[in-house]
Amino acid sequence: AVALTLVLSAVAAIYLFRKRYKPNGPKLQYSYDVFLAYAEMDSPFAEECLYKPLTNQGYRVFFHHLDFIPGKTIAENIELGVRCSRRVLFVVTEHFVKSNYCRMELKYALDCQAEERARRVIPVVLD
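Printed below as a string of structure tokens:
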């Protein structure tokens with residue numbers, strides 16, 4: 001029930017941002033609707049409760065297991081994924097807070113948000 005509520009909340013947030021929010025900056029083209037940012041320990045939740053339902057709803061989701069480009073560094077792939085995505089959905093857990101890569105994803109997302117003057121970050125906090 002909790003996972004379903006989180007999925008529905010994430011879908012609703014992305015939908016509302018997509019339909020109603022008009023950024024102040026120039027109109028940008030995105031390859032993805034959402035970049036999923038989560039700690040590796042939380043990947044079962046991210047895949048089953050977020051990636052699959054969002055893609056089934058027709059959203060284009062940047063999922064690092066599928067969309068990282070071989071030959072690029074992890075940092076380059078993260079930056080590319082965040083910049084090519086309209087929103088960044090963070091699954092915030094204890095594992096997330098301890099992960100250097102997750103903090104890097106958060107930094108890139110906040111930098112993009114500031115540069116574009118657009119709301120891009122969607123946190124999902126799990127206990």
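Take the sequence shown: its letter number 106 is residue 106 in this note's numbering, and every next letter is one higher. Where a beta carbon is used, it is the ideal one built from N, C-alpha and C, also for glycine.
In the three-state DSSP reduction, Asp33 falls in the strand class (E or B). Taking all protein chains shown into account, Glu48 has fewer than 16 neighbouring C-beta atoms within 10 Å of its C-beta and is therefore exposed.
Of Glu40, Val34, Ser31 and Tyr32, the smallest CA-CA separation from His95 is found for Glu40. DSSP places Pro44 in the helix class (H, G or I) of the three-state scheme. CA-to-CA, the gap between Glu76 and Met104 works out to about 11 angstroms. Within the same chain, Cβ atoms closer than 7 angstroms to the Cβ of Thr93 are found at Ala39, Asp42 and Leu126, the five residues on either side in sequence being excluded.
Within the same chain, no Cβ atom closer than 7 angstroms to the Cβ of Thr73 is found once the five residues on either side in sequence are excluded. A check of alpha carbon separations from Leu66 across Gln113, Val121 and Phe35 identifies Phe35 as the nearest. Checking the DSSP bridge columns, you'll see Val61 partnered with Val34. At a Cβ-Cβ threshold of 8 angstroms, Arg120 and Val88 count as neighbours. Taking 3 residues as the shortest admissible run, the region 49-121 contains the following complete beta strand (DSSP E) segments, listed from N- to C-terminal end: 85-92.
Within a 10 Å sphere around the beta-carbon of Ser85 sit 16 or more other beta-carbons, which makes this residue buried. By the neighbour-count criterion, in which a residue is buried when 16 or more other Cβ atoms sit within 10 angstroms of its Cβ, Ser31 is exposed.
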